[in-house]
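Everything on this sheet refers to the single structure shown next.
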Amino acid sequence: MTQAAVETHDLTRRFGSVTAVEKLTLRIATGEVFGLLGPNGSGKTTTIRMLCGLLEPSEGGASVAGIDVTVAPERIKQRIGYMSQKFGLYEDLTVAENLDFYAGIYGLTGAARRERLRQVIEFIGLGTRLGQLAAELSGGWKQRLALGCALLHRPPVLFLDEPTAGVDPAARRNFWRAIHELARQGTTVLVTTHYMDEAERCGRLAMLSGGHLIALGTPAEVAAQVGGGGTTLEDAFIILQERDER
Amino acid sequence: MMRRFWPMFRKEFIQMRRDRLTLMIMVGLPVIQLLMFGYAIQTDVKHLPTVVLDESRTPESRDLIAAFENTGNFRIVDHVDGRPALDRAIAQGDAQAGIVVPYDYARLLGRGTTATLQVIVDAADPLASQAAINAATSVAAVRNLLILARAAGRASAPLEARVRPRYNPGLRSPNYIVPGLVGVILTITMVLVTAMAIVRERERGTLEQLIVTPITKTELMLGKIAPYVGVGLIQMTAVLVLGRYVFDVPLTGNVPLLYLIALIFVVASLSFGLFVSTLVRTQQQAMQLSFFFVLPNILLSGFMFPRQAMPQLFQWVGLLLPLTHFLKVLRGILLKGVGLEALWREVAVLAGFAIVMIVLSVQRFQKTLD
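In the order they appear, the protein sequences are chains B and D.
With the numbering used here as the guide, the letters of the first sequence map in order to residues 1336 to 1581.
With the numbering used here as the guide, the letters of the second sequence map in order to residues 4 to 373.
Here it is in structure tokens:
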């Protein structure tokens, strides 16, 4: 088996008396596109935030790119890319200024910086919009810019927290093409979603419900684990959601 | 170390330049405040509208009334011919003082007994009435001395106190207000602007993005406040230049030294703004908390009201405010022309305040979301 890019064991996070994530154990191999699927409040975002060092685990542990999140959360930050639901763009800066800012923050300098900026701009296809304010971009373009900003330092692991919320289907398809391209180049991608078509595009999935892991495997395996043979992923998801609401 | 400071600084600077509203507040606020405080606030009350009831109608009484007018504190707006008219004028606010010279004034004066005159003052406004009371008392005192000296056969009064109001010989309000205004404006804008700048990133979700990058807390905070140091010094320059040329406020002392100390004060205020930003969640809370801090600064620092008149407790509270110390520096350098030898204690306190605030806010600011 290849080297694990992300590993968690009994990862738990409580907010007061509420347990958002309970005893989550996962192993994600390098180069995988791994989906965290679950309804709102199932613990997806909390999990990603713990893996990025944004939240401290209450119990258990995790390592990302070989670094323990409880020991060295700051060292992880140079080795991950993170894209949140809000994209984290400065809307009053232009496309070029946003990219330039994050390049500086990730410590890129000189010729290496120029070369990397050129590559990323080409990859996300924003070359003609460099002078436009981020606020003027459509949802799809904002998403690509946010992805570009998260990629500048060539992170081995990329976390995407509901990256396509509010983005039209065509843009979403282009986005996923880019994600698979990154995975082919060896980037490990962990993505949370509640869109079924997105979940289908992941190599493997973990389905969460109420902070628990309830199914793990390829999209077809997960559907079968939740609903029995012949169930689609969408059916499985609905079964789950109804179970949660009860 | 600190290599991520510059990208942060650049970004903050571009955003500041693009934010028209903030820019207007930063430039407009000092100018408007200066004109408002400079023109409107005159603590030396002059030309109080006054009505006169002269029952004596003699050369002596006219002489006395002229003496009142010559003090510059009274402006005779009307002569009335009865108490009811005088009372009405004061009650309606047409006049704020009334001078009554009784019908036997000249007779009693000539006879060598005590002649009385009455000065009625509208004390609903204590500051205005105080000036009138002082002026009235001194008019009487001066005349008494003249009469007594003449009676004793002396050419002049036996004693005269020669008061020299040093550093502000004309006792002009702008000389007192404008230097203080530099400190007040810096306090308001610096605290508010930084508090808002961090909270805005939190509200827009960019702070979450920033804290998953390798930027350190110190780089983030210093990069954030550094552009505003420049803004503060520009504001200060605007107020000083306008003060000099519009209000004729002298720039007596070592101005470069003043800028150096102002730099420390600006950093202290900015760090306090950072500290505020670590205590609140929304821009609205940041605004409220900032004003909660600014108000005591204006009231207790000695900007408008003399600290010596305050109860001991509030004098102590005032000592905790950076503005109190900076005001001493401003007035010390601009009006008195003194240097570090007289102001090192204030400088030490300001530096201490800045360091404590930076340490506190770096400590309180967490690169996590909980």
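Quick reminder that beta carbons are idealized off the backbone N, C-alpha and C, glycines included.
Output the boundary residues of the beta strand (DSSP E) element that contains residue i.
i	result
D/H82	F77 to H82
B/Y1329	Missing from the structure shown is residue 1329 of chain B; chain B here goes from 1336 to 1581 and no further.
D/G235	Segment K220 to V249 is the alpha helix (DSSP H) holding D/G235; no beta strand (DSSP E) there.
B/S1398	E1394 to V1399
B/H1515	First-last for B/H1515: P1504 to R1519, but that is the alpha helix (DSSP H), not the beta strand (DSSP E).
B/E1342	A1339 to F1350
D/P52	L51 to D57
B/K1358	V1353 to A1364
B/L1371	V1368 to L1372
D/I102	A100 to V104
B/H1547	H1547 to G1552
Looking at the secondary structure, which residues open and close the alpha helix (DSSP H) in which residue i lies?
i	result
D/P259	V258 to L282
B/V1492	Segment V1492 to D1496 is the beta strand (DSSP E) holding B/V1492; no alpha helix (DSSP H) there.
D/T192	S176 to R207
D/V350	L343 to R367
B/M1542	Careful: B/M1542 lies outside any alpha helix (DSSP H), inside the beta strand (DSSP E) at R1539 to S1544.
D/I123	Premise fails: D/I123 lies in the beta strand (DSSP E), Q121 to V124, not in any alpha helix (DSSP H).
D/I68	P62 to N73
D/D90	R86 to A94
B/A1447	G1445 to I1459
D/I150	P129 to A154
B/I1411	P1408 to I1411
D/P299	Q286 to L303
D/G321	Q315 to L322
Does the beta carbon of residue i come closer than 7 angstroms to any beta carbon on chain B?
i	result
D/E206	no
D/I188	no
D/R20	no
D/V202	no
D/V215	yes
D/T1	No answer is possible for residue 1 of chain D: it lies beyond the span of chain D, which begins at 4 and ends at 373.
D/I264	no
D/Q212	yes
D/R284	no
D/Q7	In the sequence as presented, Gln is not what sits at residue 7 of chain D; that position holds Arg. It does: the Cβ of D/R7 has a partner Cβ on chain B nearer than 7 angstroms.
D/K14	yes
D/P10	yes
D/I218	yes
D/T371	yes
With a CB to CB cut of under 8 angstroms and the five nearest residues on each side skipped, what residues in its chain are close to residue i?
i	result
B/E1409	G1388
D/T61	Y108 and A109
B/R1414	V1399, A1400, I1402, P1490, P1491 and V1492
D/R203	Q286
I'd like the list of long-range same chain contacts for residue i, defined as Cβ closer than 6 angstroms, with 5 residues on each side in sequence excluded.
i	result
D/V234	M29
D/G246	V181 and V252
B/M1336	Unreliable positioning characterises B/M1336 in this predicted model, as indicated by a pLDDT of 46, which lies under 50. The coordinate reading is nonetheless provided below. Cβ neighbours of B/M1336 beyond the five flanking positions: none.
D/A241	P33
B/T1463	none
B/I1549	M1542
B/A1446	none
B/D1496	T1380, I1383, S1419, Q1420 and T1527
Whose C-beta lies closer than 7 angstroms to the C-beta of residue i among residues of the same chain, with five residues either side of it excluded?
i	result
B/T1567	A1558
D/T3	Here chain D covers residues 4 to 373 and nothing more, so residue 3 of chain D does not appear.
D/E63	Y108, A109 and L112
B/D1345	K1358, T1360, E1394 and G1395
D/L223	M11 and L213
D/V352	H328
Closest Cβ-Cβ distance between residue i and chain D: below 7 angstroms?
i	result
B/A1419	A small fix is needed here, since residue 1419 of chain B is Ser in this sequence, not Ala. Answer yes: the Cβ-Cβ gap between B/S1419 and chain D drops below 7 angstroms somewhere.
B/G1373	no
B/F1436	yes
B/G1460	no
B/C1387	yes
B/M1336	Bear in mind that a pLDDT of 46 at B/M1336, under 50, signals an unreliable position, so the model cannot answer this.
B/K1477	no
B/D1496	no
Cβ pair count under 8 angstroms reaching 3, the stretch 50-59 of chain D against the stretch 27-35 of chain D: no
Every unbroken beta strand (DSSP E) within the stretch 1415-1439 of chain B, with a cutoff of 3 residues, ordered by chain: 1415-1418
Inter-stretch contact at 8 angstroms, needing at least 3 Cβ pairs: the stretch 1525-1534 of chain B / the stretch 1431-1444 of chain B: no
Segment contact, 8 angstroms Cβ cut-off, at least three pairs: the stretch 201-213 of chain D with the stretch 1406-1426 of chain B: yes
At least three beta-carbon pairs within less than 8 angstroms, the stretch 1504-1512 of chain B to the stretch 1336-1355 of chain B: no
Three-pair Cβ contact test at 8 angstroms for the stretch 189-197 of chain D versus the stretch 262-270 of chain D: yes
Given 8 angstroms, three or more beta-carbon pairs between the stretch 165-180 of chain D and the stretch 142-149 of chain D: no
The stretch 1562-1577 of chain B / the stretch 1391-1405 of chain B touching (three or more Cβ pairs under 8 angstroms): no
The stretch 151-160 of chain D in contact with the stretch 277-286 of chain D per 3-pair CB rule at 8 angstroms: no
Alpha helix (DSSP H) segments (min. 4 residues) lying fully within the stretch 17-46 of chain D: 23-43
Contact the stretch 88-100 of chain D vs the stretch 121-140 of chain D: 3+ CB pairs below 8 angstroms: yes
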